[in-house]
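Comments concern the structure below.
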Ligand SMILES: Cc1cc2nc3c(=O)[nH]c(=O)nc-3n(C[C@H](O)[C@H](O)[C@H](O)COP(=O)(O)O)c2cc1C
């Protein structure tokens, strides 16, 4: 941790298609004190869809992972939560009430729940009743600045038995950009006995400190961790070493998908890892040409060759376990 900062715990925020076990392990090793799975469809869990259940895989070295679920129907979410709790691998269950993606909101899930707060309350009530794990919600301040819903959300979640709430301190209408409303976040913290976690554009000690000053109990970081997993200690890891570690873990994860995947573990690893790869080297000389070349990388050897120029002269080591 930065020597002059006293901050609440720092968690890796959920990111669909990114916060799979490999990224979560890298971030835990780099100091994240909690992680969340990708967004997992409660209906898919209830139907035991292999693809959906694959998103609930964990690695044995993970210590503090929460399952992040989305859905619309309180009863189905409760059923899914029971399945997840019985796996015995998750510390808690987090419900998505903030995702603005049309594919999700069209199902009445994600940020659509901010237009139907009684339903969100019913979801949390049913899920809390179904499992003994703590249940939290990740949401936003409201659909848009003209319609803040955070006060009613807090009241309903308190009544329903939620154990914490994360605010991405923006409105749904803002997407992932624009003002992070720290004043409103501070008001929310003061208005409830629930632990409130804060999220939104933390990139360095200054932005973390500003959000911590609202009084939140934890800080969630998403995008900055894609470029530098060591953000959780506000240090800069060696990108080559981190990318290699992540790649090894990705291959290990994809080997578990054999039963239902059309792709070989190597093909699946390469496809997935191209999404992560260039982010590690952003801003370094040669990063742009790496990004431009991604489509031509087809094998693990291609990936290794592509990142070789970024290898440091004096290799550093991560607290890794070897595969
Ligand atoms: C690629 C991507 C995927 C995301 N997926 C989810 C998700 O599945 N569930 C969720 O609650 N938020 C999701 N988010 C939002 C982040 O958790 C976070 O709230 C947002 O990015 C703001 O935090 P940041 O500024 O630290 O990135 C996603 C964000 C990104 C960039």
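Numbering (the numbering used here), first residue to last: 1 to 323.
For every residue, glycine included, the Cβ atom is placed at its ideal position computed from N, Cα and C.
Taking 7 Å as the cut-off, does the CB of residue i come closer than this to any heavy atom belonging to ligand 1?
{"i": "residue 167", "result": "no"}
{"i": "residue 138", "result": "yes"}
{"i": "residue 181", "result": "no"}
Can you check whether the CB of residue j is closer than 8 Å to the CB of residue i?
{"i": "residue 294", "j": "residue 278", "result": "yes"}
{"i": "residue 13", "j": "residue 220", "result": "yes"}
{"i": "residue 131", "j": "residue 75", "result": "no"}
{"i": "residue 330", "j": "residue 196", "result": "There is no way to answer for residue 330, as the model of the chain reaches only from 1 to 323."}
{"i": "residue 139", "j": "residue 160", "result": "no"}
{"i": "residue 273", "j": "residue 244", "result": "no"}
{"i": "residue 194", "j": "residue 170", "result": "no"}
{"i": "residue 162", "j": "residue 135", "result": "yes"}
{"i": "residue 40", "j": "residue 69", "result": "yes"}
{"i": "residue 67", "j": "residue 56", "result": "yes"}
{"i": "residue 29", "j": "residue 11", "result": "no"}
{"i": "residue 50", "j": "residue 253", "result": "no"}
{"i": "residue 299", "j": "residue 255", "result": "no"}
Is there a Cβ from chain D that is less than 8 Å from the Cβ of residue i?
{"i": "residue 248", "result": "The chain inventory of the structure shown lacks chain D, comprising one protein chain alone."}
Quick check on the DSSP output: the alpha helix (DSSP H) that includes residue i runs from which residue to which?
{"i": "residue 288", "result": "287–292"}
{"i": "residue 194", "result": "Element bounds for residue 194: n/a, residue is neither H nor E."}
{"i": "residue 127", "result": "117–130"}
{"i": "residue 303", "result": "300–307"}
{"i": "residue 102", "result": "102–105"}
Starting from residue i, follow the beta strand (DSSP E) in both directions and report where the run begins and ends.
{"i": "residue 12", "result": "10–12"}
*What are the start and end residues of each continuous alpha helix (DSSP H) run of 4 or more residues lying completely inside the segment 29–98, in chain order?*
42–46, 50–54 and 74–87
*Residue list, Cβ distance to ligand 1 heavy atoms smaller than 7 Å*: 13, 14, 15, 16, 17, 18, 38, 39, 68, 96, 98, 99, 138, 168, 176, 199, 200, 201, 202, 220, 221, 222, 223 and 224
*Just list the alpha helix (DSSP H) runs in the segment 191–279, keeping only unbroken ones of 4 residues or longer that don't cross its boundaries, in chain order.*
205–212, 223–227 and 239–255
*beta strand (DSSP E) runs contained entirely in the segment 130–174, provided each spans 3 or more residues*: 135–140 and 164–168
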